[in-house]
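Those sequence lines, one after another, are chains W and Y. Here the UniProt record's numbering is used: position 157 in the first sequence is 157, and no number is missing along the way. Here the UniProt record's numbering is used: position 7 in the second sequence is 7, and no number is missing along the way. By construction, the Cβ of each residue, glycine as well, lies at the ideal position given by its N, Cα and C atoms. Read through the structure below, which is laid out as structure tokens, and then see the notes.
Number of protein chains: 2
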Amino acid sequence: MTAPIDFYFDFASPYGYIASEQIDQIAARHGRTVTWRAIVLDANFQSLERIRIPNNIMRSDYIRRDAERLAAFYGVEYSTPSNLGAHTEQAARIFHWIHDRQPQRGRDFASRVMKAYFVDDQNIASEEVLEALCTEMGMSAEDFAEASANPASRSRLKAEVDMAEARGVFGSPFFIVEGERFWGNDRLPQLERWLASGPY
Amino acid sequence: MTAPIDFYFDFASPYGYIASEQIDQIAARHGRTVTWRAIVLDANFQSLERIRIPNNIMRSDYIRRDAERLAAFYGVEYSTPSNLGAHTEQAARIFHWIHDRQPQRGRDFASRVMKAYFVDDQNIASEEVLEALCTEMGMSAEDFAEASANPASRSRLKAEVDMAEARGVFGSPFFIVEGERFWGNDRLPQLERWLASGPY
């Protein structure tokens, strides 16, 4: 019995979205499962090694073009959101609320949020947009209120972010398997070799 | 007749070294040639979009491990130098001096410098080390002095760095083909698709 792959992502990360379209299949090819872990890589995030990817990189023409090209390379539907860098705390809180109760449903929510943002150019920082997505999934207004704003839901997300910081996560997507860290879609071939034949 | 691929690298960049072991073969598979361009990504480097990879990233445990793993992944001989982050200006000056006269010999010099650093743990910031490498290649002491310290040689490197800045280079390795920028070894599959089937 092998441990699941931890998959960290921020809902506003184009690279996290692109990875989310691939990681489950990669894991399945090697008999592994994936634990999806939404985090918030905002100004409060303090990684173990104090690593921070500067905002001017993420907002550069280079990265904008790179994300579009990478999505095209992998055949993932993608268009640069008009509000790139949206706040993702509320989406992440709702994700964990759902995921803690029904993991598969949590992933479904995550995929819907990312497609709303990276395909349909919706503002995923907006409570109305998030509530509409939850309603589509059959969630009640009461559950939505609890998931999105309850103190327990806030603490749950904070604990997740604290754990990510302590484990040395500093970007999105970020994968940890057997303690080994892999940052970025471009490390997926290395992750896959690890899954296939162990440490190297 | 297609344009050569511009390959920018800093002699102290593990990723530049790993790329240098691959790029010529990739280009050749698509009937292309490569122009090797040594640059110096020090504190004076000002990329077009003011992008700078923070030093604490390059010196982190993550990157140290990542470079070792990447080299193993590609089957490139590599061991982390004890003076990671060595000054590379003199090596870059000598490179251009040779490369402007004999491109193939310039590459040979570049490979020797990188192997001295990333395989044999020699200090490539040392004039003695560089001179020994040049002597091995049959270069005279007069030529070495001119290449390493002549004002013309300094200006030559400065012009190369200025051009890299103006073209939006900000890391190593960095590839430009038909105006399209690719940063990092991990973008080589995308570069290769570009070479195979054009823009996407």
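Examine chain Y for any beta-carbon lying closer than 7 Å to the beta-carbon of residue i, and answer yes or no.
i, result
"residue 186(W)", "yes"
"residue 57(W)", "yes"
"residue 49(W)", "yes"
Taking the alpha helix (DSSP H) that residue i falls in, what are its first and last residues?
i, result
"residue 181(Y)", "Residue 181(Y) -> not in any alpha helix (DSSP H); beta strand (DSSP E) instead, spanning 180-183."
"residue 129(Y)", "127-136"
"residue 53(Y)", "That residue, residue 53(Y), is in no alpha helix (DSSP H); it is neither H nor E in DSSP."
"residue 161(Y)", "151-166"
"residue 187(W)", "Taken as a continuous stretch (DSSP letters only), residue 187(W) belongs to no alpha helix (DSSP H), as it is neither H nor E."
"residue 95(Y)", "89-101"
"residue 23(Y)", "23-29"
"residue 13(Y)", "Looking at the DSSP string, residue 13(Y) is not in any alpha helix (DSSP H), and its letter there is neither H nor E."
"residue 68(Y)", "61-74"
What first and last residue would you give for the beta strand (DSSP E) that runs through residue i?
i, result
"residue 37(Y)", "34-38"
"residue 5(W)", "5-9"
In terms of DSSP beta bridges, what is residue i paired with?
i, result
"residue 176(W)", "6(W), 181(W)"
Give a yes or no on whether 7 Å exceeds the smallest Cβ distance from residue i to chain W.
i, result
"residue 276(Y)", "This structure leaves residue 276(Y) out entirely; chain Y is present only between 1 and 200."
"residue 22(Y)", "no"
"residue 46(Y)", "no"
"residue 190(Y)", "yes"
"residue 200(Y)", "yes"
List the residues of chain C whose Cβ lies closer than 7 Å to the Cβ of residue i, in chain order.
i, result
"residue 193(Y)", "Structure shown: chain C not included; protein chains present are W and Y."
* Is the stretch 114-134 of chain Y in contact with the stretch 38-56 of chain Y, if contact means three or more CB pairs nearer than 8 Å? -> no
* To do: Identify each residue in the stretch 93-127 of chain Y for which the Cβ-Cβ distance to at least one residue of chain W is less than 8 Å, and report them in chain order.
  => none
* To do: Mind the definition here: the stretch 60-68 of chain Y touches the stretch 99-116 of chain Y only if three or more C-beta pairs lie below 8 Å; say whether that holds.
  => no
* Selection of the stretch 59-79 of chain W by Cβ proximity to chain Y, strictly under 8 Å -> 60, 61, 62, 65, 66, 69, 70, 72, 73
* Asked: Using a beta-carbon distance cut-off of less than 9 Å, what residues from the stretch 161-187 of chain Y approach chain W?
  -> 168, 170, 180, 181, 182, 183, 184, 185, 186, 187
* Asked: Are three or more beta carbon pairs between the stretch 171-186 of chain Y and the stretch 1-8 of chain Y nearer than 8 Å?
  -> yes
* Asked: Is the stretch 177-184 of chain Y touching the stretch 122-134 of chain Y in the sense that three or more CB pairs, one from each, lie closer than 8 Å?
  -> no
* Is the stretch 42-53 of chain W touching the stretch 23-34 of chain W in the sense that three or more CB pairs, one from each, lie closer than 8 Å? -> no
* To do: Give a yes or no on contact between the stretch 151-170 of chain W and the stretch 16-30 of chain Y, applying the rule of three or more CB pairs nearer than 8 Å.
  => no
* Asked: Between the stretch 146-156 of chain W and the stretch 90-97 of chain W, do at least 3 Cβ pairs fall closer than 8 Å?
  -> yes
* Which residues, in chain order, does the stretch 14-41 of chain Y contribute to contact with chain W at a C-beta distance below 7 Å? -> none
* Given 8 Å as the limit, is there contact between the stretch 15-22 of chain W and the stretch 70-81 of chain W, that is, 3 or more CB pairs closer than that? -> yes
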